[in-house]
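A quick write-up on the structure given underneath.
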Amino acid sequence: MDRPEFDMLPSNQAERSEQLAVDVLRVISASLGAGASLESFYRSLTANVADLVGASKVVFWQLGSDRMLRAIPGAYGVDDDFVTRLYPAPCYPEGTDITSQVVYRDLIFRAALGDPGQSPRDRRVLDVLQVSNAISAPWRAGDARLGVVAAYDSINRDGFTSEDAWMLEITGLAAGLVWQLKQAESQLSETVVRLEQVDSARQLLLRNLSTAVDRASKRFAAELHDDGLQKLTAAEIRLAGLAASMAADDRTKIGIDEISALLEQVEEALRNLLENVRPPSLETPGGLETTIRQRLAALGAHSGITGECAVELPEEPPYEIKSVLHRQISEALTNIERHAQATRVRVELKVENDGIYGAVTDNGTGFIVSERDRLPGHLGLLALGERPLLAGGWGKIRSEPGAGTIVEFWVPLPK
Ligand SMILES: Nc1ncnc2c1ncn2[C@@H]1O[C@H](COP(=O)(O)OP(=O)(O)OP(=O)(O)O)[C@@H](O)[C@H]1O
Ligand SMILES: [Mg+2]
């Protein structure tokens with residue numbers, strides 16, 4: 118058991134130790150490139166350390182949250198027989214046993230059978246392990262105590278030297294940082310895999326959902342068009358026929374004309390509803406932009422608002438994405454028409470970060486969003502935020518009284 122000091126080493130030792138330290142760091146960091154899994158990294162790390170200190174076996178003992186030190190299986194040169202002999206060892210910051218002192222007090226342990234100065238305690242350690250010599254050093258990352266790195270059965274005739282022990286000490290320090298990095302990396306890749314699973318589940322959900330919404334709106338649109346609107350048209354024709362057979366000053370005819378005008382308005386409102394629920398042009402290439410332009414033109418005709426449309430989508434997005442984009446823009450434009458008293462509106466759509474970014478800006482009255490986004494029975498703003506969220510993106514509304522409103526959103530494109 119010893120701890121070499123620099124001033125105890127021969128004259129050119131400072132230079133040599135620097136070189137050795139660099140060697141250790143190079144070897145440890147080389148292990149980082151080995152395989153993606155923590156297991157293959159560990160095997161390569163222990164093999165590299167064995168090579169460095171000339172050992173037949175190298176094992177890292179990990180400190181658990183229960184303060185037990187356990188050998189990590191899969192180490193270099195270690196078979197099942199050896200592992201079964203390695204029972205977990207308790208260790209404590211104030212412990213006086215060798216293990217605790219290596220872990221918590223930075224003790225460097227070195228022992229060999231036949232060493233004349235060997236204590237019975239060191240001998241017991243070698244007996245339990247059934248090795249002829251051993252060195253061990255703390256394995257740590259900064260102040261965090263991760264456990265112990267140990268090398269057994271030197272391949273050199275004279276056993277492990279104090280220089281080997283010193284190199285193992287540096288190894289323990291370097292391996293701590295590298296281990297934490299590798300662990301973080303493997304946790305990250307597990308998280309990435311999980312996120313990808315969540316993402317594909319979400320995309321499936323969106324597809325199913327939009328298919329369900331699609332089917333329901335198709336049925337609604339078909340019934341409204343084929344039944345309700347046909348009957349309405351028939352009623353209008355019959356009324357027109359009735360009115361035509363009456364004298365111009367007949368009071369009943371004046372009443373019928375008024376009803377006809379009213380029915381025309383109802384028909385127009387229903388056709389608008391039909392267009393909103395299921396814009397047929399959405400299914401054709403470039404149909405989204407056409408639908409937006411038509412909607413802006415209608416807005417101009419009804420409310421005198423000047424509309425600007427900047428749609429830059431080099432590729433046609435899938436139907437479910439177009440449907441989300443359309444609903445977002447439609448909702449934002451309805452709000453502008455109903456509440457904003459705007460004179461200008463701009464709709465923008467562009468490809469950004471593997472998805473589509475959209476913005477609907479108006480120069481209207483503006484409002485305090487936090488006061489209006491949870492109004493009971495008013496769902497527009499809520500939906501503007503949640504719809505893109507469901508599609509795996511985000512949505513936000515920014516507004517200030519007197520400064521207009523901007524509704525922004527982003528939805529990812531399926532990979
Ligand atoms: N572009 C806008 N300019 C000014 N005020 C707006 C604008 N958009 C929304 N608001 C305000 O926010 C409120 C909430 O909007 P929201 O869309 O949630 O509900 P709504 O339009 O009133 O009803 P609906 O549930 O039918 O959409 C509106 O009542 C209006 O006061
Ligand atoms: Mg609304």
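Residues in the sequence shown are numbered from 118 upward in steps of one, following the numbering used here. Built from N, CA and C at the ideal position, the CB exists for glycine as well. These numbers come from a predicted model, not from an experiment.
### Task
Give a single yes or no on whether Glu-448 has its beta carbon closer than 8 Å to a heavy atom of ligand 2.
Checking the Cβ of Glu-448 against ligand 2 gives yes.
### Query
Where do the ends of the alpha helix (DSSP H) carrying Arg-227 lie?
Following the DSSP letters along the chain, one finds Arg-227 in no alpha helix (DSSP H) but inside the beta strand (DSSP E) bounded by residues 226-229.
### Message
Rounded to whole angstroms, what is the Cα-Cα separation between Asn-165 and Ile-189?
### Response
So the alpha carbons of these two residues sit roughly 16 Å apart.
### Message
Measuring only from the beta carbon, is Gly-472 closer than 8 Å to any heavy atom that is part of ligand 1?
### Response
Every heavy atom of ligand 1 is 8 Å or more from the Cβ of Gly-472, so no.
### Task
Please indicate yes or no: does the CB of Ile-189 lie closer than 8 Å to some heavy atom of ligand 1?
Incorrect: Ile-189 has no Cβ contact closer than 8 Å to ligand 1.
### Message
Closer than 8 Å is the cut-off here; do at least three beta carbon pairs connect the stretch 514-529 with the stretch 469-488?
### Response
Yes: at least three Cβ pairs fall under 8 Å.
### Message
Just to confirm my understanding: we take Leu-186, look at its own chain, exclude 5 residues before and 5 after, and list those with CB closer than 8 Å. What are they?
### Response
Taken in chain order, the residues that qualify are Trp-178, Gln-179, Leu-180, Pro-205, Ala-206, Pro-207, Cys-208, Thr-216, Val-220, Gly-264 and Val-265.
### Message
Just checking Thr-522 against ligand 2 - is the residue's beta carbon closer than 8 Å to any of the ligand's heavy atoms?
### Response
No, Cβ of Thr-522 sits at least 8 Å from all heavy atoms of ligand 2.
### Query
Between Ala-476 and ligand 1, is the CB less than 8 Å from at least one heavy atom?
It does not: the Cβ of Ala-476 is nowhere closer than 8 Å to a heavy atom of ligand 1.
### Query
Per DSSP, what kind of secondary structure is Ala-268 in: helix, strand or coil?
Ala-268 falls in the strand class under three-state DSSP.
### Message
So, with DSSP's three-state summary, where would you put Pro-531?
### Response
Pro-531 falls in the coil class under three-state DSSP.
### Message
What I want to know is whether the C-beta of Gly-497 ends up closer than 8 Å to one or more non-hydrogen atoms of ligand 2.
### Response
At least one heavy atom of ligand 2 lies closer than 8 Å to the C-beta of Gly-497.
### Query
At a cut-off of 8 Å, is His-443 close to ligand 1 when judged by its beta-carbon and the heavy atoms of the ligand?
The answer is no for His-443.
### Query
From Leu-323, Thr-460, Arg-324 and Pro-396, pick the residue whose C-alpha is nearest to that of Ala-339; which is it?
Taking only the C-alpha atoms, the option nearest Ala-339 is Pro-396.
### Task
Could you name the residues that DSSP lists as bridge partners for Gly-475?
Answer is Leu-466 and Phe-526.
### Message
Can you check which of these residues, Ile-409, Leu-379 and Leu-321, is closest to Lys-439 by C-alpha distance?
### Response
Ranking the options by Cα distance to Lys-439, first place goes to Ile-409.
#### Entry: Integer-rounded CB distance, given that Thr-478 should sit under 8 Å from Gly-521
Correct: roughly 7 Å between the Cβ atoms.
### Task
Return the first residue and the last residue of the alpha helix (DSSP H) that Val-441 is part of.
Looking at the DSSP string, the run of the alpha helix (DSSP H) that includes Val-441 is 436-452.
### Task
Helix, strand or coil for Gln-179, going by three-state DSSP, please let me know.
Of the three classes helix, strand and coil, the one that applies to Gln-179 here is strand, per DSSP.
### Coil, strand or helix - Val-166 by DSSP
In the structure shown, the three-state DSSP call for Val-166 is helix.
### Query
Per DSSP, Ala-261 is paired with what?
For Ala-261, which the question treats as bridged, DSSP gives the partners Ala-258.
### Message
Is Gly-519 near ligand 1 - that is, is its Cβ less than 8 Å away from at least one heavy atom of it?
### Response
No, the Cβ of Gly-519 stays beyond 8 Å of every heavy atom of ligand 1.
### Task
Sort Pro-434, Asn-480 and Val-468 by Cα distance to His-456 and report the nearest one.
Per the Cα distances, Asn-480.
### Task
Flag Thr-451 as yes when its Cβ comes closer than 8 Å to any non-hydrogen atom of ligand 2, and as no otherwise.
Yes, the beta carbon of Thr-451 sits closer than 8 Å to at least one heavy atom of ligand 2.
### Query
Counting Cβ pairs closer than 8 Å, one from the stretch 169-177 and one from the stretch 273-286, do we hit at least three?
The stretch 169-177 vs the stretch 273-286: in contact.
### Task
Report the partner residues of Lys-513 according to the DSSP bridge assignment.
Partner(s): Glu-525.
### Task
Report the three-state DSSP secondary structure of Ser-146 (helix, strand or coil).
Note: Ser-146 maps to helix in three-state DSSP.
### Closest by C-alpha distance to Ala-228, when choosing among Gly-259, Pro-505, Asp-197 and Ala-268
Answer by Cα proximity: Ala-268.
### Task
Run through the stretch 359-431 for me and flag every whole alpha helix (DSSP H) of 4 or more residues, listed as ranges in chain order.
Annotation: the stretch 359-431 contains the following complete segments of the alpha helix (DSSP H) (minimum length 4 residues), in chain order: 368-394 and 404-420.
### Message
If contact is defined by three or more beta carbon pairs under 8 Å, each pair taking one atom from either stretch, is the stretch 287-300 in contact with the stretch 234-241?
### Response
Fewer than three beta-carbon pairs drawn from the stretch 234-241 and the stretch 287-300 are found closer than 8 Å, and the two stretches are therefore not classed as touching.
#### Entry: Bridge partners - Lys-335, DSSP secondary structure assignment
When DSSP reads this structure, Lys-335 sits in no beta bridge, so it has no partner.
### Query
In the structure shown, what three-state DSSP assignment does Leu-312 receive?
DSSP places Leu-312 in helix when its eight states are reduced to three.
#### Entry: At least three beta-carbon pairs within less than 8 Å, the stretch 397-416 to the stretch 366-373
The stretch 397-416 and the stretch 366-373 do not touch, with fewer than 3 CB-CB distances between them shorter than 8 Å.
### Buried/exposed call for Asp-124, threshold 16 Cβ in 10 Å
Its pLDDT being 47, under 50, Asp-124 is placed unreliably by the model, and the measurement read from it follows with that caveat. Exposed is the label assigned to Asp-124, since fewer than 16 other Cβ atoms lie within 10 Å of its Cβ.
### Message
Am I right that Gln-394 and Phe-337 are in contact with their C-beta atoms under 8 Å? What's the rounded C-beta distance?
### Response
With the sequence shown as reference, residue 394 is identified as Val, and Gln is not the correct amino acid for it. Rounded, the Cβ-Cβ distance is 6 Å, consistent with contact.
### Message
Measuring straight from C-alpha to C-alpha, what distance separates Pro-210 and Arg-241?
### Response
Near 22 Å, if we compare the C-alpha coordinates of Arg-241 and Pro-210.
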